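**Q**
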Amino acid sequence: MAGLWRYILRRLLFVIPVFLAVTLLTFLITNAAGDPVQIVKFAIRRITPAQVAALEAYYHTNEPIFARYFYWLFSFLQGDLGTSLRGGLVASKILPWIGTTLELQFLALAFSLAIGIPLGVYSALKQYSKADVVISSIAIFGYSMPTFWLGIQAIIVFSLYLKWLPFGGAISPYPPYWGGSIYTDIIGHLILPVGVLTFVSLATFTRLLRASIVEVLRQDFILAARASGLRERVVVYKHALKNAISPIVTITGLSIGLSLAGAPITETVFSWPGLGYAYVQAVNALDLPVVQDLTAIITIVVLLVTILTDISYAYLDPRVRLE
Amino acid sequence: METSNKKLAKKRRSASQLAVVWRRFRRNKAAIAGLVLVGFVVFMAVFGSFFAPFPPRSFPCLYKGCTSLPPFQDWSHPLGTEPSGIDVYSEILQSARNDLYVGLAATLISVAIGLGIGVASGYSSGVSGALLLGITQVFLVLPVLVLILLFSRILVLLVAQGFGLTIIVLILGIFGWPGIAYITRGETLRLKEAEFIQATKALGASKSRILFRHIMPNILSPVIVIATLTVAANILTEAAISFLGFGDPNTSTWGQMLNDGFSWLNYWWISFFPGIMIVFSTLGFNLLGDGLSEALNPRLKE
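Structure below.
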């Protein structure tokens, strides 16, 4: 147990240099486009010299870039996320973004695991059967398909031509609501993005699990389990699945981490007001403070989820020793 | 006499090895489908601009009253036109070269970096090996897509026009190597302790000879497989960058067309056809990679 804690501590210590490196790199690259004051001056031509001076004092633009990085770092660590160049405090915007992103991503993840695991098991057991060929083909299609393209096609078909579903945003800004009430409206807005995200990650899960189970079923202990007269169901679900599940755990962990980053592109397609969409908008508008803060937050979350994934990996597979 | 015999034996053996791989590959229908798709895309990339009726990023329909034309109606614009006057069919053909270029060139950079770092960190056991492993692990956990988007947006903005695609190639290449390095490192660690390497060492082979003549050829097959899959991933990521409008707007790519199509959702053909081409090429490289990984895997018996 002490080993586990030491492992966690060491991994957490590993987070610090990575975090510093990523944020410094982001800071340098965003400032390569111009410092915040230049960007504001570019956007607002009729800015007064007094306002420019105030902005320069606020962003410390007269000081060297590394000093400015440390100003940012200290205020970030104190929880002060600064002001968006498009107006408003960054901190007040980020929480709702995280909420909507989580709503979308967890639904999609739950659906793709609930459908993907049985499909992968079935496909592996009936290897090379017709059903397996169909499942595997759909899976590799989903795996090769650009999410955003699928999203655009889904919007064109279901929203524009068939007019079945609403699109854009997480909720209609004003009545009429889809399905009559505000709750059905929320569900209506979820169907397309959740459907598209589920299809794409479903494909990854099915493919991985199939390959992993096929590999495990070849091993001697499965033969031994069968030879000792266990029912096929027990052999598959208790012995094979437990040994085949670790790559799924890894990929789930990684995809949770990355989806907390918000699938930036999927969210943009559906104008989903989450972290990823906000990030794309900020990058596009060169809203440097928002880009800087979002990159920092996304990096921390992804790193922490990776650590959790590794720990659960060791928990599920006792052969893995955390060192 | 003896040398010529040796040469002959060597030749025959290498040919038969390739033949074994090809025989296994050929039996896999999905792999053949992948090869056909990749061949189709390569053909388009090479000859596309000869068949394309209009230059890239040109507006043949502007001021001629044939903008926003649906597909399959006017055969001088078989796949329709955009509201801006771009001809969809011609633009798809002109874009193929750029898309394939990004996919292949970025992969080449990633393979070069990944192979170098992977082999070095696997083979050297000292501080440098640990340092290289550390760098690889850092890159593996980064939110890469987020950084790629940011870098593309800002660097494409900053560099001179016309170099946007090269910048994207460099960014994709530089962020794409960690997976390759990780696999290469694992294989190198395994091979380092293998008996034939120990024997080569005992015979007094130099370090570079061991690395280049004995280790590199043996890790080639997993690298070929992951490189093929990386090409597909790179084509997808480039499409995403251009789709978001972070690419070079003056360069024809399929992603750029998706960007056009996203602003004109009512004209479905603008995004539909280039998207199909993206699916074809990524599907092709993915199937090819899967097929190669089965065909090159010596553990899977005939």
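As they're listed, the protein sequences go chains Y and V. All letters in the first sequence, in the order written, are residues 1 to 323 by the working numbering. All letters in the second sequence, in the order written, are residues 1001 to 1302 by the working numbering. Cβ atoms here follow ideal geometry from the backbone N, Cα and C, with glycine treated the same way. No experiment lies behind these values; they were computed from the predicted model shown.
#1: Suppose you measure from the CA of Gln-1161(V) to the CA of Ile-298(Y); what does that come to, to the nearest Å?
#2: Where DSSP assigns a beta bridge to Asp-1087(V), which residues make up the other side?
#3: Answer with buried or exposed for Arg-1185(V), where buried requires no fewer than 16 other C-beta atoms within 10 angstroms of its C-beta.
#4: Taking 7 Å as the CB-CB limit, is Ser-123(Y) close to chain V?
#5: Alpha carbon to alpha carbon, how far is Leu-1165(V) from Gln-1137(V)?
#6: Excluding five sequence neighbours on each side, which residues of the same chain lie with their C-beta closer than 6 Å to the C-beta of Ile-311(Y)?
#7: Chain V partners of Ala-33(Y), CB-CB under 8 Å?
#8: Would you kindly report the start and end of the unbroken alpha helix (DSSP H) that includes His-239(Y)?
#9: Would you list, in chain order, the members of the stretch 1057 to 1074 of chain V that have their beta-carbon closer than 9 Å to a beta-carbon of chain Y?
#10: Thr-309(Y) by DSSP, collapsed to three states: which one?
#11: Rounded to whole angstroms, what is the Cα-Cα separation between Glu-1302(V) and Val-18(Y)?
#12: Quick one: which residues of the stretch 143 to 158 of chain Y get their C-beta closer than 9 Å to a C-beta of chain V? List them in chain order.
#13: Report the neighbours of Leu-303(Y) on chain V: residues whose CB is nearer than 8 Å to its CB, in chain order.
#14: With DSSP collapsed to three states, give me the class of Thr-1282(V).
#15: Quick one: Cα of Gln-127(Y) to Cα of Ser-212(Y), how far?
#16: In whole angstroms, what separates the C-alpha of Leu-1035(V) from that of Ser-1281(V)?
#17: Between Met-1257(V), Ile-1224(V), Ala-1105(V) and Gln-1017(V), which lies nearest to Glu-1091(V) when the distance is taken from Cα to Cα?
#18: So, at 7 Å on beta carbons, what are the nonlocal neighbours of Ile-98(Y) in its own chain, with the 5 sequence-adjacent residues on each side left out?
#19: Which residues does DSSP list as the beta-bridge partners of Thr-83(Y)?
#20: Counting only the same chain and skipping the five closest in sequence on each side, list residues whose C-beta sits under 7 Å from that of Phe-1151(V).
#21: Does the structure place the stretch 1076 to 1093 of chain V close enough to the stretch 1255 to 1270 of chain V that three or more beta carbon pairs sit under 8 Å?
#22: I'd like to check one pair, Val-290(Y) with Ile-264(Y): are the Cβ atoms closer than 7 Å?
#23: Do the stretch 1088 to 1103 of chain V and the stretch 1039 to 1051 of chain V meet, that is, are 3 or more Cβ pairs less than 8 Å apart?
#24: For Glu-1002(V), which three-state DSSP category applies?
#25: Going straight from the alpha carbon of Leu-150(Y) to that of Ala-224(Y), what length do you get?
#26: Give the DSSP-derived three-state secondary structure of His-189(Y) in the structure shown.
#27: Residues in its own chain within less than 6 Å of Ile-135(Y) by CB, not counting five upstream and five downstream?
#28: Are any of the Cβ atoms in chain V nearer than 7 Å to that of Ile-265(Y)?
#29: Residue range of the alpha helix (DSSP H) that Asn-284(Y) falls in?
#30: Give a yes or no on whether 7 Å exceeds the smallest Cβ distance from Ile-298(Y) to chain V.
#31: From Leu-1157(V) to Ser-1016(V), what distance separates their C-alpha atoms?
#32: Give me the residue from Val-37(Y), Leu-107(Y), His-60(Y) and Tyr-71(Y) with the minimum Cα distance to Ile-187(Y).
#33: Restricting to Cα atoms, I'd like to know which of Ile-1278(V), Val-1021(V) and Lys-1029(V) is closest to Ser-1242(V).
**A** According to the structure data:
#1: Roughly 31 Å between the two C-alpha positions.
#2: Thr-1081(V)
#3: buried
#4: no
#5: 28 Å
#6: none
#7: Those within 8 Å of Ala-33(Y) in chain V are Ile-1154, Leu-1157 and Leu-1158.
#8: Note, His-239(Y): premise wrong, no alpha helix (DSSP H); not H, not E.
#9: Listed in sequence order: no entries.
#10: helix
#11: Unreliable placement is indicated for Glu-1302(V), whose pLDDT of 45 sits below 50; the coordinate value is still reported in the next sentence. Rounded to whole angstroms, Glu-1302(V) to Val-18(Y) spans 46 Å at the Cα level.
#12: Tyr-143, Ser-144, Met-145, Pro-146, Thr-147, Phe-148, Trp-149, Leu-150, Ile-152, Gln-153, Ile-155, Ile-156 and Val-157
#13: The CB of Leu-303(Y) comes closer than 8 Å to the CB of Val-1141 in chain V, given here in chain order.
#14: Residue state, collapsed to three classes: helix.
#15: Straight-line Cα distance between these residues: approximately 12 Å.
#16: 10 Å
#17: Met-1257(V)
#18: Leu-275
#19: Leu-89(Y)
#20: Excluding five sequence positions before and after Phe-1151(V), the CB atoms of its chain that fall closer than 7 Å to its own CB belong to Ile-1171, given in chain order.
#21: yes
#22: According to the sequence as given, residue 264(Y) is Pro; it is not Ile. Cβ atoms of Pro-264(Y) and Val-290(Y): not closer than 7 Å.
#23: yes
#24: No answer about Glu-1002(V) holds up, because its pLDDT of 48 lies below 50 and its placement is not dependable.
#25: For Leu-150(Y) and Ala-224(Y), the distance between alpha carbons rounds to 45 Å.
#26: If DSSP states are grouped into helix, strand and coil, His-189(Y) belongs with the helices.
#27: Leu-119 and Ser-123
#28: Closer than 7 Å: yes.
#29: 275 to 285
#30: For Ile-298(Y), the answer is yes, since a Cβ of chain V falls inside 7 Å of its Cβ.
#31: 51 Å
#32: Among Val-37(Y), Leu-107(Y), His-60(Y) and Tyr-71(Y), the Cα nearest to that of Ile-187(Y) is on Leu-107(Y).
#33: Ile-1278(V)
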